[in-house]
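A.B. asks: According to this note's numbering, the residues represented by the sequence shown are 24 to 107, in order. Before anything else, here's the structure in question.
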Amino acid sequence: MMEDSSIIATIGKNSLEEVRVTFNKYKGSHLLDVRTFSAFAGEDKQATKKGISLKVEKLPELIAALQTAQAEAARLGLLEGGAA
Numbered sequence: 024m025m026e027d028s029s030i031i032a033t034i035g036k037n038s039l040e041e042v043r044v045t046f047n048k049y050k051g052s053h054l055l056d057v058r059t060f061s062a063f064a065g066e067d068k069q070a071t072k073k074g075i076s077l078k079v080e081k082l083p084e085l086i087a088a089l090q091t092a093q094a095e096a097a098r099l100g101l102l103e104g105g106a107a
């Protein structure tokens, strides 16, 4: 069970779902969690199994991978305005 949680960002996915980026502490380890939250039957949004948790030490590697993905998406013309 999660010991501590801090929401860093929320990104809308669609009208029923959002992606939340959080820092958590679990069994003494600091984790980065990127997870889909969904609204079920009018309730508040709840965490789903869709997502990943990584030790915070892996954050620089994840950022580098996302920057590479962003550059490739821009190169392929997949981003509006060609943002890189």
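Each residue gets a CB set at the ideal place from its N, CA and C atoms; glycine is no exception.
1. Run through the DSSP bridge pairs and tell me what S61 is partnered with.
2. Applying the 10 Å Cβ sphere with the 16-neighbour rule, what's the burial state of D67?
3. Suppose the cutoff is 6 Å on Cβ atoms and the five residues either side in sequence are ignored; what does the same chain contact list for A32 look like?
4. For L102, which of helix, strand or coil comes out of DSSP?
5. Would T59 and K78 qualify as a contact pair, given that the criterion is a beta-carbon distance under 8 Å?
6. From the DSSP secondary-structure annotation, give me the bridge partner or partners of K48.
C.D. replies: Taking the definition as stated:
1. E40, Q69
2. exposed
3. V44
4. coil
5. No; because the gap between Cβ atoms is not below 8 Å, this pair is not in contact.
6. D27, H53
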